[in-house]
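Written below as structure tokens is the structure these notes are about.
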Amino acid sequence: MKKVRIITKVNMFAALSLCIVAAGCSNMDFGRSPASRIGDAFDPGKPFVAEGEDPQAIEEARRERLEQVLAEWVKQSGVDDEDYRIGPEDILRIDILSLERANETASLKRTVENDGSISLPWVGRVNVGGLIPREAEQLVRDAYDTRFLRNPQISVTVDQHRSHAVVMTGAVAKPGVYFLKRSSASILEIISMAGGLAAAAGNELLILRAAETPAVTEDADDVDAAEDQEPASHDAVMVDLRRLVEDGDIRLNVSVRAGDVISVPSRRRAFIYVLGYVQGPGAREFDPKQGITALNALAMSGGLSPQGRADNVFIVRETQDGGRRVIPIDLAKIAHGVRPDLPMHAGDTMVVGSSVLMKMTEFIRPTVSTGMSYTPAP
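Quick note on the working numbering: the sequence shown kicks off at 5 and runs consecutively.
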């Protein structure tokens, strides 16, 4: 009788061991066959995402589109605007025929003073501030005519533009101060001057400019009121770079003027989260431009733990209406090339379960407790 009881206990232990081995063994090596009836019930084999939704391909197309647009604007902005207004710190080049010797041209370079004037031989100071080059040329010609030269041949050009400055900051190749060579410039021109967008550039651009203030008269009451006013405020203009570059919405290629501060914020840091039976659960940061897949996330987490099951994995993803969507996946099938890898989105949580026999209970429990909705992979 005692022998029968011992055999019975041994048989029960063996059966229990077989169940544990069959249900809870690790799939860390992904060595099993990807075919699984239980896995197929959760993984119907349809594509996770539609063709053309690869985030990396989208970002690559965006970069190429931006380069094309910038190249076109570089061609169009090669000639300076004749309506450029001369200002302080600009360096002018004045070419005067027969200033000292017949049939010779004297070239002078003069820096415009803060009061808008330049100093010239014989005639002294001439105020050219606020004039376009053609008007300054006529002013200098009139100053030399009759008194010093007969019918003087004079040309005035802006040799270095230094009075109309904008500041470019943020995620661009070369942040810094840039001087406009035209009376107006566009956002795309300034981005081109700064060497284009950096890899970490976000999808928005911010222009900060001083708000227009009313002119102050000489009336004493108006002067006192102006002194009591707070410093000038600033207007903020937001530009959607995605619509400008990818959609070609030229209405967003707004003009930039002197004194503007332009900033391209970097992309927000992107994280996904890995929980459950993995070696190193936790948050994982990734580059949105490069993207991350489910297998990448598992590798970044050190792989499966001894209890982890590659066919018992699901992704929790927030929806636009504030809810949550659950996407079951089979990493074993993905590793064998039977299924495409799943691109993860920022904020996604990947949960790795254990026993296949416990798959349903592990899956339903968080669904009920947190109000998630089960949605098969599309």
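All residues carry an ideal CB built from backbone N, CA and C; glycine is no exception.
Residue from the options with nearest C-alpha to residue i
i: residue 123; options: 290, 143, 138; result: 143
i: residue 265; options: 91, 154, 209; result: 209
i: residue 130; options: 96, 284, 183; result: 96
i: residue 240; options: 212, 332, 167; result: 212
i: residue 109; options: 100, 339, 333; result: 100
i: residue 314; options: 321, 322, 303; result: 303
i: residue 1; options: 162, 145, 128, 160; result: The structure shown does not extend to residue 1, since the chain spans only 5 to 382, so no value can be given for it.
i: residue 205; options: 291, 311, 197; result: 291
i: residue 334; options: 299, 325, 328, 323; result: 299
i: residue 195; options: 306, 318, 176; result: 176
i: residue 263; options: 132, 174, 350, 184; result: 184
i: residue 128; options: 148, 342, 160; result: 148
i: residue 351; options: 126, 245, 342, 288; result: 288
i: residue 349; options: 326, 274, 311; result: 274
i: residue 269; options: 250, 255, 294, 207; result: 207
i: residue 271; options: 277, 201, 251, 249; result: 201
i: residue 98; options: 118, 310, 87, 132; result: 132
i: residue 163; options: 178, 326, 111, 246; result: 111
i: residue 165; options: 174, 156, 157, 136; result: 136
i: residue 345; options: 172, 322, 250, 318; result: 318
i: residue 267; options: 117, 113, 172, 126; result: 172
i: residue 180; options: 170, 246, 188; result: 170
i: residue 91; options: 187, 276, 252; result: 187
i: residue 294; options: 347, 310, 113, 325; result: 347
i: residue 343; options: 297, 328, 309; result: 297
Burial state of residue i (16 or more Cβ within 10 Å)
i: residue 53; result: Below a pLDDT of 50, predicted positions are generally treated as unreliable, and residue 53, at 46, falls in that range; the measurement from the model is reported next regardless. By the 10 Å Cβ count, residue 53 comes out exposed.
i: residue 193; result: buried
i: residue 355; result: buried
i: residue 337; result: buried
i: residue 68; result: exposed
i: residue 138; result: exposed
i: residue 151; result: exposed
i: residue 316; result: buried
i: residue 2; result: The requested residue 2 is not part of the displayed model; the chain covers only 5 to 382.
i: residue 141; result: buried
i: residue 332; result: buried
i: residue 279; result: exposed
i: residue 94; result: buried
i: residue 167; result: buried
i: residue 198; result: buried
i: residue 312; result: buried
i: residue 160; result: buried
i: residue 320; result: buried
i: residue 254; result: exposed
i: residue 203; result: exposed
Coarse secondary structure for residue i, derived from DSSP in three states
i: residue 246; result: helix
i: residue 322; result: strand
i: residue 303; result: helix
i: residue 255; result: helix
i: residue 347; result: strand
i: residue 218; result: Note that residue 218 scores a pLDDT of 49, beneath 50, so its modelled location is shaky and nothing firm can be said.
i: residue 192; result: helix
i: residue 93; result: coil
i: residue 185; result: coil
i: residue 337; result: helix
i: residue 110; result: strand
i: residue 298; result: helix
i: residue 310; result: coil
Expected contact under 8 Å - CB spacing of residue i and residue j to nearest Å
i: residue 190; j: residue 281; result: Actually they do not touch by this definition, with Cβ atoms about 54 Å apart.
i: residue 134; j: residue 89; result: 6 Å
i: residue 306; j: residue 284; result: 4 Å
i: residue 243; j: residue 260; result: Not really, about 10 Å apart at Cβ, beyond 8 Å.
Any non-hydrogen atom of the ligand SAH closer than 7 Å to residue i Cβ
i: residue 128; result: As for the ligand SAH, it is missing from this structure, which has no ligand bound.
Inset, instruction - Would you list, in sequence order, the uninterrupted beta strand (DSSP E) runs of no fewer than 3 residues that lie entirely inside the segment 116-167? - result: 121-124, 128-131, 158-164
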